[in-house]
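Protein chains in written order, with my numbering: chain L, 1 to 298; chain D, 299 to 734.
Where a beta carbon is used, it is the ideal one built from N, C-alpha and C, also for glycine.
All values derive from a computational prediction rather than experimental measurement.
Reviewing the structure listed below.
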Amino acid sequence: MATVAERSRTGRLRPGLALFALPSVVLVLVFFLVPFLANAVFAFVRWTGYSDTLSWTGLTNFELLNQLGILGHAIRITVIYAVITMAVQNGVGLALATALEKTNRVNTIFRSIFFIPVLMSPLAAGYIWSAVLSPDGPANDFLSAVLPGSIHYAYLGHGVSALVTVACIDAWKWSGLATLVYIAGLNRIPAQLTEAARIDGAGPWRRFWSVKFPLLAPAVTFNVVITLVGAFSALDAVFATTGGGPGDATTLLNVALYLQYGQSYFGQASALGLVVTLLVVVTAVPLITWLRRREVPM
Amino acid sequence: MRTSIRRSALAASVVAGLAVSACGGGSSDTPAAVNTAGSAPTGVTLTLWHNTADPQALLDLYQKYETASGNTIQLVDVPSATYPPTIQSKWATGERPDLLEWHGNKTDLLALNGANTMLDLSSLAFVAKEGDLAKVAGNIDGKVYAASIGFPSVSGLFYNKQVLAKAGIAAPTSYADLTADCAKLKTAGVTPIYVAGGDGWPPQILAGWNYMAESNVGAAYSDDVNAGRAKVSDRNGPLVAGLKAFDSLRTSGCFNADATTAKWTDSLKALLDGRTAFVAQNSDSISQLDTIAGGDTKKVDDAIGFVGVSATKQLANYAPTVLGTFYAPKTGDAMKERAAADFVDFITGKGYADYVQASGAPPTLSGTGGPQLQGLWQEVQAAYQAGAGLTVISQLPGFNNFGPEVDKLLAGQENPQQTADKMQTYLLQAQAAMGK
Chain L
1 MATVAERSRT GRLRPGLALF ALPSVVLVLV FFLVPFLANA VFAFVRWTGY SDTLSWTGLT
61 NFELLNQLGI LGHAIRITVI YAVITMAVQN GVGLALATAL EKTNRVNTIF RSIFFIPVLM
121 SPLAAGYIWS AVLSPDGPAN DFLSAVLPGS IHYAYLGHGV SALVTVACID AWKWSGLATL
181 VYIAGLNRIP AQLTEAARID GAGPWRRFWS VKFPLLAPAV TFNVVITLVG AFSALDAVFA
241 TTGGGPGDAT TLLNVALYLQ YGQSYFGQAS ALGLVVTLLV VVTAVPLITW LRRREVPM
Chain D
299 MRTSIRRSAL AASVVAGLAV SACGGGSSDT PAAVNTAGSA PTGVTLTLWH NTADPQALLD
359 LYQKYETASG NTIQLVDVPS ATYPPTIQSK WATGERPDLL EWHGNKTDLL ALNGANTMLD
419 LSSLAFVAKE GDLAKVAGNI DGKVYAASIG FPSVSGLFYN KQVLAKAGIA APTSYADLTA
479 DCAKLKTAGV TPIYVAGGDG WPPQILAGWN YMAESNVGAA YSDDVNAGRA KVSDRNGPLV
539 AGLKAFDSLR TSGCFNADAT TAKWTDSLKA LLDGRTAFVA QNSDSISQLD TIAGGDTKKV
599 DDAIGFVGVS ATKQLANYAP TVLGTFYAPK TGDAMKERAA ADFVDFITGK GYADYVQASG
659 APPTLSGTGG PQLQGLWQEV QAAYQAGAGL TVISQLPGFN NFGPEVDKLL AGQENPQQTA
719 DKMQTYLLQA QAAMGK
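As structure tokens, then:
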């Protein structure tokens, strides 16, 4: 990376150094910018499998999606899903990180165990959980064994519980990653700060919330934004568990996009893709700005 | 002002031609008849996009064609669970196989722009032998684009004979009967109807296909809708009535408790085990029932019966199937298109008799004797031959969304009129996409 001095002499990167950036620039152009632009354009084009003629339609794709009750519903469900996923993932990740903060043999083993779901295929994780949570599955068997009565609740069969359950499965899948980021954040906090607080009489709870948590802000920024943006783009966990159901209770934007694409409505699928992008931008930019402001320099 | 442009023109003006330019893939605006001139080429490799649910009889047929022709069939496996979206996604990129196994429904053929992307097979010999089926299977405006050797999917009610006997009821003849039977079966402690909403598509059979069978004999209702003489959202129309009947059964507690998550195979197991009285399904379920019974077809025949039940009378409904329905897409490669015609000739000619015997299902082409059918198949065949109506979604563009919409009704998220209104919008959307 060019130093500030190298940059300031010419006002721009030296050609030799710019070459190092070329592969990344090409990859971003080919695999992100061009598809993004294509998707943005097709959102305003009538493109279906029914005809080999494409035509500009303005906002018709969005209007049709709205008329069918798909657009508003999918946005609402996606936002709820993302907030639940983000909250659970960060809550669990922070709790685990606090418990496993110190590096020793036992904690290393547990860190590895909690990281295993991150390495699993999301589809495999979804299929496993849908089997575990089926009305006659192990989860209900366990509850029936420890609670009175026979429990056969279909966790994925009711609108609200399905949405919460799938969001929790997604959070479970990625909590290990959030945990690692929080552990890294905790370990970079100078020990003398918490030690000083302890000498001043602060208990563990107070030391965590008044000393450690404010200094964890960069890790919080990273985890909150990554988990939220990741959840906005979720598809596989839903696909493997509910397929968007029951009814459309878990039909996130990407699920709706897949369904539209599968019905040969490629323009409308592109419109939903554009909405996902806009949702990410509209949410992530202010969120990052706000979270960065509350970061405390060490 | 809306500007209509060709794909290539759009491609040139947008994102340097990426993505769009590939979409044309061998299609043209005018229908093309299949080429049967001269002798068929040999030594050609033909790609065939096929469904992984293809029975062994079809897989054997492909091999027999290879032996007979000297050509090679390169199978491209497409998982049955995601067959339509996968094919449509590949299609959208402009990719074309030399042969395509695809739904015979006009609804699905329109979604591939079949009139412009498939070869017209009307001149081939099988069309006359296919008879009335050729008028609805892979047919757009009288042109036949598909050879359908798989027996149509015949839908109705499968029932457990012992469960009905114990409850003292006969097979229903109408939805009113079914409602009355539901009350008796609940009293007897049996789940009256097992609905498999977890797989998405099964609930629509009870909610619309079966109920509307009597309205759509000879495609009468779907013709009216396509011609604009009727709307599917009509308050007094058969679609709304069918959805209301389904919703009434749901709210009366006639379905299994896990109706929104249960799978197709769960429903068939429950039926065979006697845990439920009825499952609304199509004849593709017979082979699955046989599999669940460990191949013991007698056990299946003894336990299970089939009856077509529509709104007010015993009548089944049928739709051209995907398994065994073949198209020859336009590829622009004359030699391969000629070889594709040769493949269609073989599977409907020299190779057909062996295939029918191996399939265990009734023949679709006249002049060929069928195999000895198991009892349940005989009941299905009888229901088909008794003037079954055409499955309503078969000929209505946009109606491949009927399953997902019925799932919302099943989950209590919509009422019947709302579901019908959505279907009317889907229909108009598809018609608009077709340029109507």
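Straight across, the Cα-Cα distance linking residue 682 (chain D) with residue 436 (chain D) is about 19 Å. Residue 159 (chain L) places its beta carbon less than 8 Å from that of residue 249 (chain L). For residue 720 (chain D), the neighbours in chain L by C-beta distance under 8 Å run, in chain order, 68 and 69. For residue 59 (chain L), there are no C-beta contacts with chain D under 9 Å, since the nearest C-beta of that chain is about 12 Å from it. Take the alpha-carbon of residue 62 (chain L) and the one of residue 171 (chain L): they are about 30 Å apart. For residue 566 (chain D), no Cβ of chain L is located within less than 8 Å of the residue's own Cβ. Closest in alpha carbon position to residue 458 (chain D), among D:568, D:397 and D:473, is D:568. Nearest Cα to residue 188 (chain L) within the set L:149, L:225, L:27 and L:296: L:296. For residue 410 (chain D), a Cβ of chain L is located within less than 8 Å of the residue's own Cβ. Residue 54 (chain L) sits in a strand when the DSSP states are folded into three classes. When rounded, the separation of the alpha-carbon atoms in residue 677 (chain D) and residue 279 (chain L) is 54 Å.
Residue 135 (chain L) belongs to the set of residues whose beta carbon lies under 8 Å from a beta carbon in chain D. When secondary structure is reduced to three states using DSSP, residue 653 (chain D) falls in the helix class. Per DSSP, reduced to three states, the secondary structure at residue 553 (chain D) is strand. Residue 348 (chain D): not part of any alpha helix (DSSP H); member of the beta strand (DSSP E) spanning 343-349, first to last residue. By a beta-carbon distance limit of 8 Å, residue 370 (chain D) contacts residue 343 (chain D). Their separation comes to about 4 Å. Between the alpha carbons of residue 447 (chain D) and residue 665 (chain D) lies a gap of roughly 13 Å. Taking the C-beta atoms as reference points, residue 401 (chain D) is found no nearer than 8 Å to residue 629 (chain D).
Residues of the same chain with a CB within less than 6 Å of the CB of residue 577 (chain D), apart from the 5 flanking positions on each side, are 456, 492, 565 and 569 in chain order. With at least 16 other beta carbons inside 10 angstroms of its own, residue 662 (chain D) counts as buried. Taking a 10 Å sphere around the C-beta of residue 440 (chain D), we find fewer than 16 other C-beta atoms and assign the residue as exposed. Taking a 10 Å sphere around the C-beta of residue 33 (chain L), we find fewer than 16 other C-beta atoms and assign the residue as exposed. With three or more CB-CB distances shorter than 8 Å, the region 117-136 of chain L counts as touching the region 168-183 of chain L.
Within the region 91-151 of chain L, the runs of alpha helix (DSSP H) that reach at least 4 residues and sit entirely inside it are, in chain order, 105-119, 122-132 and 138-146.
When secondary structure is reduced to three states using DSSP, residue 500 (chain D) falls in the coil class, being assigned neither helix nor strand.
Just measuring C-alpha positions, the residue of D:462, D:600 and D:690 sitting nearest residue 434 (chain D) is D:690.
Setting aside the 5 residues that flank it on each side, residue 553 (chain D) is surrounded in the same chain by 491 and 493, each with a C-beta closer than 6 Å to its C-beta; the list follows chain order. For residue 617 (chain D), the enclosing beta strand (DSSP E) begins and ends at 615-617. The beta carbon of residue 248 (chain L) falls within 8 Å of a beta carbon belonging to chain D, placing the residue at that interface.
Excluding five sequence positions before and after residue 451 (chain D), the CB atoms of its chain that fall closer than 7 Å to its own CB belong to 580, 581, 582, 616, 617 and 619, given in chain order.
Of all residues in the region 43-54 of chain L, only 45, 46, 47, 48, 49, 50, 51, 52, 53 and 54 come within less than 9 Å of chain D when Cβ atoms are compared, listed by chain position.
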